[in-house]
Amino acid sequence: MSRCAEAAAVAATVPGSGVGEAGLRPSMVPRQASFFPPPVPNPFVQHTQIGAARRVQIFLLGIILLPIRALLVGLIILLAWPFAAISTVCCPEKLTHPITGWRRKITQTALKFLGHAMFFSMGFIVAVKGKIASALEAPVFVVAPHSTFFDGIACVVAGLPSLVSRSENAQVPLIGRLLRAVQPVLVSRVDPDSRKNTINEIIKRATSEGKWPQILVFPEGTCTNRSCLITFKPGAFIPGVPVQPVLLRYPNKLDTVTWTWQGYTFIQLCVLTFCQPFTKVEVEFMPVQVPSDEEKNDPVLFANRVRNLMAEALGIPVTDHTYEDCRLMISAGQLTLPMEAGLVEFTKISRKLKLDWDGVRKHLDEYASIASSSKGGRIGIEEFAEYLKLPVSDVLRQLFALFDRNHDGSIDFREYVIGLAVLCNPANTEEIIQVAFKLFDVDEDGYITEEEFSSILQASLGVPDLDVSGLFKEIAQGDSISYEEFQRFALKHPEYAKIFTTYLDLQTCHVFSLPTEVQTTPSIASNKVSPEKHEESTSAKKDD
């Protein structure tokens, strides 16, 4: 039996090798439905196409409407400021007690009227559906989809409930005072305890039995193009109190309101919207949702149920994208990749693969180093082979096919992250590294020479004239490779572990296809690295 077959037979008994008792590994790892691509690939982009006739209309109407509406909005903000100042005078920026009495009654009435007037002056025609719940019925409003800064109209329609906002916004002239008038829950970016303090403040207000105003939350945490509902953050659902879902729709032929990470800027959207004859918006208040005992203990479960109800009412799908995907989009752009390359459905990936944001960001750097030379920011079989410093062979094609989950002939970043976590990292165990080192160390002296390294790779990949000097020099610090160098390289590049186990699987299949008397595994002399004995065990493969 060849040395490769001997190593394959040994590997069949190593946990995590991917080879069971029968040793017959399927040609393709089954896909879990939970890792299927999202129904909406990129909810953070909006491309509004404006035809020539529409451009002429916008220009002609804008000559009249734009200055008038901009003047009216500025005038209303100036009129609202004194009422906001009266409401918040002598009050700290972060309130410890609710504003009550005549100040709240007078100023709230005036500010609600001026809020309606401001959106009317912008050209918004608002249609309200459903019944607005009282503070005792639903202390929290959850509003989705969140797609624009104009979504503030939901706050006006709901009677100016408290908002969750950055503390920096309270410092903005004029606007900051108006924000403070609605008694917001302020979040600080510099305070390390801000998240905990914010949750505690939401719980305190939501359980005050009507003493504090209702809280309005956009649970998605960032703007999308309204094509789906992304992951709801659990903050609004942690108090375990009833919530009222609020739906927002903008049923207009020309979309001039959507404000995403890729699309029109704040100023451009304001100009386009002010130049429209009118802009329709629908605000629908759904029935109050009361959490079950299980949902009170699991706010994520409560958030998912409410999100599914809202998505069903809107007729759109749900995805597991989050604000962290937006951060990865920006990072991808900085690495000269297409921005959408960074989208991985972070919530799902981090939960199922136990990866944090820093880990995924590190993988993005690795991915960029491979895909930077390709068109469209995706990895083809040639880039994959070049990165691994190996030729295109059957073994490499099989590994590539495992990464290429949708079989389109390329690997995107999402497939790359899943492949590393599900296919390569589980195969990159200490036992597998030891077996691999033993296979290459032909003379069993504890070191791998370039000749040994080249002969085994040439045989395993079926390429007799393979030049591996570049790969050898990357691993070795001298004329030979020690186990420590081999292990360090293997841990840094888990892709090679999968190539090795794939090859061993093929060898093992060959071993178990031989007559029974030939399958007897010969004893392999122990060396400085390999354990003397391998306990027989069968490990169930981890389906991705």
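Residue numbering for the sequence shown follows numbering that gives the first Met the number 0, beginning at 0 and increasing consecutively.
Each residue gets a CB set at the ideal place from its N, CA and C atoms; glycine is no exception.
Proximity winner among Thr147, Thr272, Val317, relative to Leu228 (alpha-carbon distances): Answer by Cα proximity: Val317.
From Val305, Arg304, Arg487, Leu178, residue whose alpha carbon lies closest to that of Thr87: Leu178
Contact check, Thr259 vs Thr223, beta carbons under 8 Å: yes
For Glu339 and His46, the rounded distance between their alpha carbons: 14 Å
Sub-8 Å separation of Val125 and Val156 beta-carbons: yes
Proximity test, Cβ basis, 8 Å: Val141 and chain C: Among the chains in the structure shown there is no chain C, since it carries only a single protein chain.
Start and end residues, beta strand (DSSP E) containing Arg165: 161-165
Which residues DSSP lists as bridging Gln275, in chain order: Bridge partners of Gln275: none, in fact.
Within the segment 225-283, ranges of the beta strand (DSSP E) (whole runs, at least 3 residues): 242-248
Nonlocal neighbours in the same chain, by C-beta distance under 6 Å from Asp324, ignoring five residues either side: Leu342, Phe345
Distance, Tyr322 Cα to Glu136 Cα: C-alpha separation (whole angstroms): 30 Å.
Range of the contiguous alpha helix (DSSP H) that encloses Leu185: Careful: Leu185 lies outside any alpha helix (DSSP H), inside the beta strand (DSSP E) at 184-186.
Reduced DSSP secondary structure (H/G/I, E/B, other) of Thr448: strand
C-alpha distance - Val245 paired with Glu283, whole-angstrom precision: For Val245 and Glu283, the distance between alpha carbons rounds to 6 Å.
Status (buried if at least 16 other CB within 10 Å, exposed otherwise) for Ala205: By the Cβ-count criterion, Ala205 is buried, with 16 or more other Cβ atoms from all chains shown falling within 10 Å of its own Cβ.
Distance CB(Val141)-CB(Val216) smaller than 8 Å: It is a contact, given that the beta carbons lie within the stated cut-off.
Distance CB(Ser409)-CB(Ile378) smaller than 8 Å: yes
Where Val555 falls, given that 16 or more other Cβ within 10 Å makes a residue buried: Here the chain comprises residues numbered 0 to 543, so residue 555 is not present and cannot be evaluated.
Residue environment, Ile152, which counts as buried when at least 16 other CB atoms sit within 10 Å: buried
Residue closest to Glu200, alpha-carbon to alpha-carbon, out of Ala235, Val270, Gly220: Ala235
Which residues DSSP lists as bridging Ile410, in chain order: Ile378
Element boundaries [alpha helix (DSSP H), containing Ser479]: Premise fails: Ser479 lies in the beta strand (DSSP E), 479-481, not in any alpha helix (DSSP H).
Contact check, Ile417 vs Arg396, beta carbons under 8 Å: no
Distance, Val55 Cα to Leu401 Cα: Rounded to the nearest angstrom, the two C-alpha atoms are 52 Å apart.
DSSP state of Leu401 mapped onto helix, strand, coil: Helix at Leu401.
Secondary structure of Ala132, DSSP reduced to three states: Residue state for Ala132 is assigned as coil, using DSSP reduced to three classes.
Segment contact flag, the segment 113-125 with the segment 64-79, C-beta cutoff 8 Å, min 3 pairs: The answer is yes - the segment 64-79 touches the segment 113-125, with three or more Cβ pairs under 8 Å.
Residue of Lys232, Leu271, Ser161, Glu219 minimising C-alpha distance to Leu64: Leu271
Ala180 in three-state terms, based on DSSP: coil
Rounded C-alpha distance that separates Leu352 from Val359: Rounded to whole angstroms, Leu352 and Val359 show a C-alpha spacing of 10 Å.
Buried or exposed (CB count within 10 angstroms, at least 16 for buried), Asp150: Asp150 counts as buried, since no fewer than 16 other beta carbons sit within 10 angstroms of its beta carbon.
Burial state of Pro238, where buried means 16 or more other Cβ atoms lie within 10 Å: buried
N- and C-terminal bounds of the alpha helix (DSSP H) containing Asn331: Note on identity: in this sequence residue 331 is Ala, with Asn being the wrong assignment. 322-333 is the extent of the alpha helix (DSSP H) around Ala331.
Inter-residue spacing [alpha-carbon to alpha-carbon] between Ile453 and Asp444: The residue you asked about is not Ile; residue 453 is Ser in the sequence shown. Roughly 17 Å separates the two Cα atoms.
Residues bridged to Phe123 (per DSSP): Thr278
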